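Novice: One structure coming up, written as structure tokens, with questions to follow.
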Amino acid sequence: MDWEQKLGELESQVTELLAQAGKAEDFLQIKQRFLGKQGEISNLLKGIREIPPESRPVFGQRVNQTKQLLEERIAEAARQAESGRAPGSGETLDLTLPGVWNPPGSIHPIAQALDEIREILEDLGFQIAEGPEIETDYYNFEALNIPKGHPARDMQDSFYIEDEIVLRTQTSPVQIRIMEKQKPPLRIYAPGHVYRRDMDVSHTPMFHQVEGLWVDRGITFSDLKGVLMLFAEQLFGEGTPVRFRPSFFPFTEPSAEMDIECHMCRGKGCRVCGNSGWLEILGSGMVHPGLFRRVGYDPAEFTGFAFGMGVERIAMLKFGINDIRLFFENDLRFLKQF
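In the working numbering, each residue carries its 1-based index in the sequence shown increased by 37.
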């Protein structure tokens with residue numbers, strides 16, 4: 038190929054590449070490719086021995102002119118790009134024009150409720166604890182006084198991965214794991230995902246729970262009521278009416294569910310509260326002595342209480358949401374409200 042033709046092609050290639058370049062690293066790569074020590078111009082100069090002696094001065098002069106021209110073009114294109122002007126277009130970006138507005142996102146209502154629950158519990162001295170979402174049958178059921186064949190297993194309706202491996206149906210297994218490793222006193226809360234075979238306006242196959250546990254000498258049911266009443270006031274507002282109802286959980290004895298006054302009817306009775314005037318928010322109770330013996334605690338020396346709540350239910354009550362599925366449909370019309 039004639040060296041004059043080769044130089045012309047190099048100029049065309051640089052012009053084409055500069056038109057496509059936009060970032061500083063693009064111009065640096067172009068400069069390196071054509072003007073670097075191993076670049077196209079240097080490789081062309083290496084072929085000077087093949088040029089007839091009488092043509093070498095002209096060849097050298099022409100190559101140096103092309104090199105200088107390419108350096109100027111690359112530098113100018115880089116300056117134009119930095120100042121907001123497209124290389125070779127002659128057009129300038131008007132920086133006074135208003136930008137394109139991107140609406141800010143919002144914190145998901147479940148995350149808002151979970152953050153508020155965490156803040157309240159940590160102010161009360163509880164420390165966060167976590168455990169695996171894929172659990173053994175032992176930790177999810179048997180260690181919590183739910184042996185095989187127990188009717189409470191039917192209430193859970195679990196997702197089994199293998200015969201003895203299950204997606205946890207509650208965050209209560211975290212209590213057992215922590216008590217196995219730590220001696221009293223301890224005060225923990227365990228937030229996390231749980232899984233059950235259920236799907237309707239108030240249930241989903243995956244949802245969030247927060248479990249709480251306080252173990253020490255001399256802990257009584259009065260302590261349980263005091264903590265949970267304070268928790269409800271912090272979460273739903275000062276003076277929120279609450280009540281405790283006897284209930285049953287295999288891992289607590291005695292057991293109770295806590296209700297708050299229906300925020301829709303203010304206790305008068307409506308469709309939301311089933312005309313009772315109350316809404317259940319959590320289950321609780323004194324830790325069963327069998328659990329203490331299982332983890333090596335002496336139930337004659339230590340007592341404690343536990344409680345658990347569904348975060349989705351808390352969020353539904355706080356924000357007046359009547360269908361739990363809205364939390365997971367990712368409808369921006371819904372999410373923008375928060």
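Note that the Cβ used here is the ideal one computed from N, Cα and C, for glycine as well.
A quick note: this is a predicted structure, and the numbers were derived from the prediction, not measured.
Is the beta carbon of I147 sitting closer than 9 angstroms to the one on H300?
Specialist: Position 110 of the sequence shown, counted from the start, is the residue given in the question as residue 147. Position 263 of the sequence shown, counted from the start, is the residue given in the question as residue 300. No, the pair does not count as a contact, with Cβ atoms beyond the cut-off.
Novice: Suppose contacts are defined by Cβ-Cβ distances below 9 angstroms. Is G339 in contact with M323 by that definition?
Specialist: In the sequence shown, counting from the first residue as 1, residue 339 sits at position 302. In the sequence shown, counting from the first residue as 1, residue 323 sits at position 286. For clarity, residue 339 is Phe in the given sequence; the question names Gly instead. No.
Novice: If we call anything under 9 angstroms between Cβ atoms a contact, is R282 one with E294?
Specialist: Along the sequence shown, one-based indexing puts residue 282 at 245. Along the sequence shown, one-based indexing puts residue 294 at 257. Yes; because the gap between Cβ atoms is below 9 angstroms, this pair is in contact.
Novice: Answer yes or no: do T206 and R362 have a C-beta to C-beta separation smaller than 9 angstroms?
Specialist: Locating residue 206 in the sequence shown gives position 169, where the first residue counts as 1. Locating residue 362 in the sequence shown gives position 325, where the first residue counts as 1. Taking 9 angstroms as the Cβ cut-off, T206 and R362 do not qualify as a contacting pair.
Novice: By the three-class DSSP mapping on this structure, what secondary structure does S313 have?
Specialist: Counted from its first residue, the sequence shown places residue 313 at position 276. Correct three-state label for S313: coil.
Novice: Roughly how many angstroms lie between the CA atoms of P124 and A118, to the nearest whole one?
Specialist: Counting from 1 along the sequence shown, the entry for residue 124 is found at position 87. Counting from 1 along the sequence shown, the entry for residue 118 is found at position 81. Residue confidence is low: P124 scores 49 on pLDDT, short of 50, so the model does not pin down where it sits. No coordinate-derived value is stated.
Novice: Report yes or no: do three or more beta-carbon pairs, one from the stretch 78-91 and one from the stretch 136-143, lie closer than 8 angstroms?
Specialist: Short answer: they don't touch.
Novice: Between which residues of its own chain and V203 is the CB-CB distance below 7 angstroms, once the five residues before and five after are set aside?
Specialist: Here residue 203 is taken as the residue at index 166 of the sequence shown, counted from 1. Closer than 7 angstroms at the Cβ level, and outside the excluded window around V203, lie E172, D174, N177, S195, F196 and Y197.
Novice: Would you call the CB atoms of L319 and Q212 closer than 9 angstroms?
Specialist: As a position in the sequence shown, residue 319 is number 282, starting the count at 1. As a position in the sequence shown, residue 212 is number 175, starting the count at 1. No.
Novice: How is the alpha helix (DSSP H) around E167 delimited, first residue to last?
Specialist: Position 130 of the sequence shown, counting from 1, holds the residue named residue 167. It is not in any alpha helix (DSSP H) - E167 carries neither H nor E in the DSSP assignment.
Novice: Okay, do the stretch 211-227 and the stretch 151-167 touch, 3+ Cβ pairs below 8 angstroms being the bar?
Specialist: Yes, they touch.
Novice: To the nearest angstrom, how far is the alpha carbon of W315 from that of K355?
Specialist: Here the question's residue 315 lines up with position 278 in the sequence shown. Here the question's residue 355 lines up with position 318 in the sequence shown. One C-alpha to the other measures close to 14 angstroms.
Novice: Contact check, T208 vs G345 under 8 angstroms by CB: the rounded distance?
Specialist: Residue mapping note: residue 208 aligns to position 171 of the sequence shown, counting from 1. Residue mapping note: residue 345 aligns to position 308 of the sequence shown, counting from 1. Rounded, the Cβ-Cβ distance is 7 angstroms, consistent with contact.
Novice: List the endpoints of the continuous alpha helix (DSSP H) containing F288.
Specialist: For the purposes of this step, residue 288 is taken as residue 251 along the sequence shown, with counting starting at 1. Per DSSP, F288 belongs to no alpha helix (DSSP H) and is neither H nor E.
Novice: Exposed or buried, which one is I215 when buried takes at least 16 other CB atoms within 10 Å?
Specialist: Start at 1 with the first residue of the sequence shown, and residue 215 comes out as number 178. So I215 counts as buried.
Novice: Taking only runs of the alpha helix (DSSP H) that begin and end inside the stretch 148-220, which ones reach a length of at least 4 residues, in chain order?
Specialist: Segments of the alpha helix (DSSP H) lying fully in the stretch 148-220: 174-177, 188-193 and 210-218.
Novice: Suppose the cutoff is 7 angstroms on Cβ atoms and the five residues either side in sequence are ignored; what does the same chain contact list for H230 look like?
Specialist: The residue labelled residue 230 in the question sits at position 193 within the sequence shown. Taken in chain order, the residues that qualify are E170, M243 and H245.
Novice: Report the three-state DSSP secondary structure of R233 (helix, strand or coil).
Specialist: For the purposes of this step, residue 233 is identified with residue 196 of the sequence shown, where counting begins at 1. Here R233 sits in coil by DSSP.
Novice: According to the neighbour-count rule (16 or more other Cβ atoms, all chains shown, within 10 Å of its Cβ), is F364 buried or exposed?
Specialist: For this step, residue 364 is matched to residue 327 along the sequence shown. Result: buried.
Novice: List the whole-angstrom C-beta distance separating L369 from H145, where the pair is believed to meet the contact cut-off of C-beta under 8 angstroms.
Specialist: If you number the sequence shown from 1, residue 369 lands on position 332. If you number the sequence shown from 1, residue 145 lands on position 108. Not confirmed; about 12 angstroms, so no contact.
Novice: Short of 8 angstroms in beta carbon distance, which residues of its chain neighbour P287, apart from the five on each side in sequence? Order them along the chain.
Specialist: If you number the sequence shown from 1, residue 287 lands on position 250. Hits under 8 angstroms: L181, N182, I183, H187, A189 and H325.
Novice: Alpha carbon to alpha carbon, what distance is there between Q57 and E349?
Specialist: Your numbering for residue 349 matches position 312 in the sequence shown. Your numbering for residue 57 matches position 20 in the sequence shown. Rounded to whole angstroms, E349 to Q57 spans 51 angstroms at the Cα level.
Novice: Just verifying my parser: in three-state terms, what is the DSSP assignment at F342?
Specialist: Residue numbering aside, residue 342 sits at position 305 when the sequence shown is read from its first letter. In the structure shown, F342 sits in a strand (DSSP, three-state: E or B).
Novice: By the three-class DSSP mapping on this structure, what secondary structure does L55 have?
Specialist: Position 18 of the sequence shown holds residue 55. In the structure shown, L55 sits in a helix (DSSP, three-state: H, G or I).
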